[in-house]
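The numbers in the numbering used here rise by one with no breaks, and the one at position 99 of the sequence shown is 118.
All C-beta atoms in this analysis are idealised placements derived from N, C-alpha and C, irrespective of residue type, glycine included.
A quick note: this is a predicted structure, and the numbers were derived from the prediction, not measured.
Here is the structure we will look at, set down as structure tokens.
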Amino acid sequence: MIEKVRDSIYRIKFKGEEFKFEEKGIMDSKHMWIIGSDEPAKEIHVEFMKSKDMTEDEYYSKLFDALKKVMQKRELSNVFGKNVLTMVFFINKRIKIHFYITNIRAELKANWDNDEDTDMKVAETVSYMDGKDIWNELDRLFLKLSENYNEIWVCSDFDEDT
Numbered sequence: 020m021i022e023k024v025r026d027s028i029y030r031i032k033f034k035g036e037e038f039k040f041e042e043k044g045i046m047d048s049k050h051m052w053i054i055g056s057d058e059p060a061k062e063i064h065v066e067f068m069k070s071k072d073m074t075e076d077e078y079y080s081k082l083f084d085a086l087k088k089v090m091q092k093r094e095l096s097n098v099f100g101k102n103v104l105t106m107v108f109f110i111n112k113r114i115k116i117h118f119y120i121t122n123i124r125a126e127l128k129a130n131w132d133n134d135e136d137t138d139m140k141v142a143e144t145v146s147y148m149d150g151k152d153i154w155n156e157l158d159r160l161f162l163k164l165s166e167n168y169n170e171i172w173v174c175s176d177f178d179e180d181t
């Protein structure tokens, strides 16, 4: 459940956990369009206020579970507008997450102030998994990308030998 705390601060409550975030803006998506039109879908850019008493593994695993529920119940669209279909946030200064109802796109870039996408690497996986599995899969995919492969885009294939 998403509830407004004050001004641009919101909270997601899920299974006894609370995840606060600040709305940074709603923008046109570069990845999704409304079916049957040339209109881009919208994405909400947020900054999560990570709890200091949780490790990153624990926090993001639980956050991904909460975001899956928010997307399934269409709360993002209901709270921020019917065409808002994606939540975008940074895990750290280099990794940007695009959280959709069906998948998660993680973009790794050395410098986000640089507009060129030449140094960007992308990992993508599905969102139907458990939050901890999503976190572990993104970690695995980024480790694969760091092995000096020429490919700059990796999609989860759920095969550990690949």
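- Message: Can you find the residues in the same chain that come closer than 7 angstroms, C-beta to C-beta, to Lys88, ignoring five residues on each side of it along the sequence?
- Response: Residue 88 sits at position 69 when you count from the first residue of the sequence shown. If we look at Lys88 and ignore the five residues flanking it on each side, its Cβ neighbours are Phe33.
- Okay, do the region 41 to 53 and the region 83 to 97 touch, 3+ Cβ pairs below 8 angstroms being the bar? The region 41 to 53 vs the region 83 to 97: no contact.
- Determine the DSSP secondary structure at Ile54, reduced to helix, strand or coil. For this step, residue 54 is matched to residue 35 along the sequence shown. The three-state secondary structure of Ile54, taken from DSSP, is coil.
- Residues near Glu204 by beta carbon distance below 6 angstroms, same chain, minus five either side: The question about residue 204 has no answer, for the chain in this structure spans 20 to 181.
- Looking only at C-alpha atoms, which of Leu82, Glu37, Ile53, Glu36 sits nearest to Phe108? Reading the sequence shown from its first residue, position 89 is the one you call residue 108. Closest by alpha carbon: Leu82.
- Item | Whole-Å CB distance - Ala125 paired with Leu162, under 8 angstroms assumed | For the purposes of this step, residue 125 is taken as the residue at position 106 of the sequence shown. For the purposes of this step, residue 162 is taken as the residue at position 143 of the sequence shown. Not a contact, Cβ separation roughly 12 angstroms.
- Item | Counterpart residues of Met106 in DSSP-defined beta bridges | Taking the first residue of the sequence shown as position 1, residue 106 is located at position 87. Answer is Ile63, Phe118, bridged to Met106.
- Message: Under 8 angstroms: do the region 47 to 55 and the region 97 to 115 share three or more Cβ pairs, one atom per stretch?
- Response: In this structure the region 47 to 55 touches the region 97 to 115; the number of beta carbon pairs closer than 8 angstroms is three or more.
- Message: Please return the same chain residues whose Cβ sits closer than 6 angstroms to the Cβ of Asp84, not counting the five positions on each side in sequence.
- Response: Within the sequence shown, residue 84 is the residue found at index 65, counting from 1. Here Asp84 has Gly150 as same chain residues with Cβ atoms under 6 angstroms from its own Cβ, once five neighbours each way along the sequence are excluded.
- Message: Bridge partners for Gly44 per DSSP, in chain order?
- Response: Position 25 of the sequence shown, counted from the first residue, corresponds to residue 44. Bridge partners of Gly44: His64.
- Task: Please say whether Phe67 and Trp38 have beta carbons closer to each other than 8 angstroms?
- Result: Locating residue 38 in the sequence shown gives position 19, where the first residue counts as 1. Locating residue 67 in the sequence shown gives position 48, where the first residue counts as 1. Position check: residue 38 holds Phe in this sequence, whereas Trp was assumed. Cβ distance < 8 angstroms, so Phe38 and Phe67 count as in contact.
- Query: Taking the alpha-carbon positions, what's the Ile114 to Glu58 distance?
  - Reply: Taking the sequence shown and counting its residues from 1, one reaches residue 114 at position 95. Taking the sequence shown and counting its residues from 1, one reaches residue 58 at position 39. In a straight line, the C-alpha of Ile114 is about 27 angstroms away from that of Glu58.
- Query: Do you know offhand how far Phe40's Cα is from Ser56's?
  - Reply: As a first step, residue 40 is located in the sequence shown; it is residue number 21 there, counting from the start. As a first step, residue 56 is located in the sequence shown; it is residue number 37 there, counting from the start. Taking the straight line joining both Cα atoms gives about 31 angstroms.
- Message: Just to confirm, is the Cβ distance from Ser70 to Tyr79 under 8 angstroms?
- Response: Taking the sequence shown and counting its residues from 1, one reaches residue 70 at position 51. Taking the sequence shown and counting its residues from 1, one reaches residue 79 at position 60. Not a contact, by the Cβ cut-off of 8 angstroms.
- Query: Is it buried or exposed for Ala129, if we count other Cβ within 10 angstroms and need 16 for buried?
  - Reply: Translated into the one-based positions of the sequence shown, residue 129 becomes position 110. Ala129 is classed as exposed because its beta carbon has fewer than 16 other beta carbons within 10 Å across all chains shown.
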